[in-house]
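J.: With the sequence shown counted from 1, adding 44 to any position gets you the working numbering.
Following this message is one structure expressed as structure tokens.
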Amino acid sequence: MAKPELFVTPGFGQKFHELLHFSQALKIGDRIEISGQGGWNDELEIPESIVTEIERAFENVRRTLATAGADWKDVVHVNSYHVGGFPPIVNETIAGLFREYMPDRAPIWTQTGVEALGLPAMRIEIRVTAILE
């Protein structure tokens with residue numbers, strides 16, 4: 045059995061590791077699981093625009109996957125957690141970003157509405173599973 049490896053994303057991941065003592069990514073063999081990524085910047089600030097928040101969350105997923113040697117092209121499963129429901133702009137933005145980040149693969153995707161997320165201003169959090177080919 046492959047030995048588990050844990051990774052911390054430079055910037056925001058280091059802050060979370062210091063504050064809350066958790067890692068951003070886990071790699072076991074060819075499988076990578078990441079913790080939920082929000083639309084924060086390295087100072088853990090959330091933008092006012094939901095579109096910008098979603099775009100940053102996708103970029104933070106990319107940054108986190110990169111720490112473990114993967115990218116969006118390796119993603120097979122996406123879970124997204126939403127505060128405030130699913131207005132059309134949310135699904136339109138996510139679908140557009142799926143097409144941009146994964147033009148050759150449509151992942152399986154589960155959306156879940158929640159009351160709150162880890163930071164008070166967060167409206168979206170994205171967690172993925174990737175398989176290295």
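Idealized CB from N, CA, C, for every residue including glycine.
Note that the structure is predicted; figures quoted are calculated from it, not measured.
#1: Rounded to a whole number of angstroms, what is the C-alpha to C-alpha distance between residue 158 and residue 130?
#2: Suppose the cutoff is 6 Å on Cβ atoms and the five residues either side in sequence are ignored; what does the same chain contact list for residue 86 look like?
#3: Could you check the C-alpha separation between residue 124 and residue 49 for me, to the nearest Å?
#4: Assuming residue 137 and residue 95 make a contact with CB atoms under 8 Å, what is their CB distance in whole Å?
#5: In the DSSP assignment, find the unbroken alpha helix (DSSP H) run with residue 57 in it and report its ends.
#6: Please name the residue, chosen from 141, 112 and 147, that lies closest to residue 74 on a Cα-to-Cα basis.
#7: Between residue 168 and the rest of its own chain, which residues show a CB-CB distance below 8 Å, the 5 nearest in sequence each way excluded?
#8: Classify residue 12 as buried or exposed, calling it buried when 16 or more other Cβ atoms lie within 10 Å of its own Cβ.
#9: State yes or no: is the C-beta of residue 70 within less than 8 Å of the C-beta of residue 62?
#10: Within 10 Å of its beta-carbon, does residue 66 have 16 or more other beta-carbons around it, so buried, or fewer, so exposed?
T.: In short, the structure shows the following:
#1: Translated into positions along the sequence shown, residue 158 becomes position 114. Translated into positions along the sequence shown, residue 130 becomes position 86. The alpha-carbon atoms of residue 158 and residue 130 are separated by roughly 11 Å.
#2: Locating residue 86 in the sequence shown gives position 42, where the first residue counts as 1. Leaving aside the five residues that flank residue 86 on each side, the residues in its chain whose CB is nearer than 6 Å to its CB run, in chain order, 55 and 56.
#3: Along the sequence shown, read from residue 1 onward, the residue named residue 124 stands at position 80. Along the sequence shown, read from residue 1 onward, the residue named residue 49 stands at position 5. Residue 124 and residue 49 have their C-alpha atoms spaced approximately 24 Å apart.
#4: Taking the sequence shown and counting its residues from 1, the one referred to as residue 137 is at position 93. Taking the sequence shown and counting its residues from 1, the one referred to as residue 95 is at position 51. Correct: roughly 5 Å between the Cβ atoms.
#5: Here residue 57 refers to the residue found at position 13 when the sequence shown is read from its first residue. Segment 56–64, the alpha helix (DSSP H) holding residue 57.
#6: On the sequence shown, residue 74 is found 30 positions in, with the first residue counted as 1. Distances from the CA of residue 74 to each of 141, 112 and 147 were compared; the closest alpha carbon is that of 112.
#7: As a first step, residue 168 is located in the sequence shown; it is residue number 124 there, counting from the start. Taken in chain order, the residues that qualify are 82, 83, 94, 97, 98, 101, 124, 125, 126, 127, 134 and 161.
#8: In the structure as shown, the chain begins at 45 and stops at 177. Residue 12 is therefore absent and cannot be evaluated.
#9: Within the sequence shown, the letter at position 26 stands for residue 70. Within the sequence shown, the letter at position 18 stands for residue 62. No, the Cβ-Cβ distance between residue 70 and residue 62 is not below 8 Å.
#10: Residue mapping note: residue 66 aligns to position 22 of the sequence shown, counting from 1. Residue 66 comes out exposed.
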